[in-house]
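Residue numbers (our numbering): 178 to 383.
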Ligand SMILES: Nc1nc2c(c(=O)[nH]1)N[C@H]1C(S)=C(S)[C@@H](COP(=O)(O)O)O[C@H]1N2
Ligand SMILES: [Mo]
């Protein structure tokens, strides 16, 4: 009988197996999924959920949940990087890319260069439109194949994984095109306007 005590309880140490170049400077890898929210988690029923697209102060389109769920679905596997220094590798998300969303609103090319993302609960974040299109951003509704938990931004959150995770707005409600840049919640409170983790753009002036 092969009683293999030695391998019992052996826990693979992910951190030590991760190639250094996979993790941006100053970050560590975690297998947990921390929750970071500036306020309470809004409880949003999909029956009352709505996504609004605005351009130049006027309404371009709204989607209710059924309309949004009928849009083309994309699944991505990606690493995410929080400015509080945790990174999580190979996270799996499903949702609608900004390309498909804008296309369904009849906008074949981005109308204005900047986007303000407004959330249920009042949080905002600004992202250049070039960082949202060409497959770079999605409105995600599922994580690891399951509906996104409310604390993690369900029913729908923005996902812009190549920027620090504060740009990935939870409980997204309204996308507003802007002709010139404006700062969102954290961007007006000392955080970097752009937030590239590979350049450690954590705070204003970095
Ligand atoms: N609406 C909203 N979105 C938000 C936040 C928030 O406070 N409110 N926090 C941001 C920050 S700072 C981070 S790191 C991530 C955290 O997402 P998580 O709680 O799913 O890990 O959400 C971002 N999106
Ligand atoms: Mo964050």
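Backbone N, C-alpha and C define an ideal beta-carbon position, used for all residues, glycine too.
Excluding the five sequence neighbours on either side, which residues of its own chain have a C-beta within less than 6 Å of the C-beta of residue 324, listed in chain order? The answer, listed in chain order, is 331.
Between which two residues does the beta strand (DSSP E) holding residue 354 run? 349-355
For residue 370, which residues from the same chain have a beta carbon less than 6 Å from its beta carbon, with the 5 sequence-adjacent residues on both sides left out? Counting only Cβ-Cβ distances below 6 Å, and skipping sequence neighbours, we find 364.
Cβ atoms of residue 229 and residue 278: under 9 Å apart, would you say? no
Check whether the stretch 261-270 and the stretch 200-209 are in contact - that is, three or more C-beta pairs closer than 8 Å. yes
DSSP-derived helix/strand/coil call for residue 373: coil
Same chain, Cβ closer than 7 Å to residue 288, five either side skipped, listed in chain order: 232 and 354
Just confirm the distance between the C-beta atoms of residue 372 and residue 340, as a whole number of angstroms; I'd bet it's less than 8 Å. 5 Å
In whole angstroms, what is the alpha-carbon distance linking residue 274 and residue 314? 6 Å
From residue 199 to residue 211, what distance separates their C-alpha atoms? 20 Å
Anyone know if the C-beta pair for residue 271 and residue 216 falls short of 9 Å? 9 Å or more divides the Cβ of residue 271 from the Cβ of residue 216.
In chain order, which beta strand (DSSP E) runs of at least 3 residues are fully inside the stretch 291-343? If we require 3 residues or more, the beta strand (DSSP E) runs fully inside the stretch 291-343 come out as 291-296, 301-305, 315-320 and 334-336.
Can you grab the Cα-Cα spacing for the pair residue 196 / residue 305, in whole Å? Their backbone Cα atoms lie some 30 Å apart in a straight line.
If I follow the unbroken beta strand (DSSP E) through residue 256, where does it start and stop? 251-258
At a threshold of 8 Å, does residue 317 count as lining ligand 1 (C-beta to nearest heavy atom)? no
Answer with buried or exposed for residue 213, where buried requires no fewer than 16 other C-beta atoms within 10 angstroms of its C-beta. exposed
I want to know whether the stretch 296-304 touches the stretch 232-252 - three or more CB-CB distances under 8 Å. no
If we count the other Cβ atoms within 10 Å of its Cβ and call it buried at 16 or more, is residue 356 buried or exposed? exposed
On the DSSP bridge assignment, give the partners of residue 232 in chain order. In the DSSP output, where bridge partners are listed per residue, residue 232 has 235 and 354.
Could you check where the beta strand (DSSP E) with residue 264 kicks off and where it finishes? 263-274
Residue 338 beta carbon less than 9 Å from that of residue 209: no
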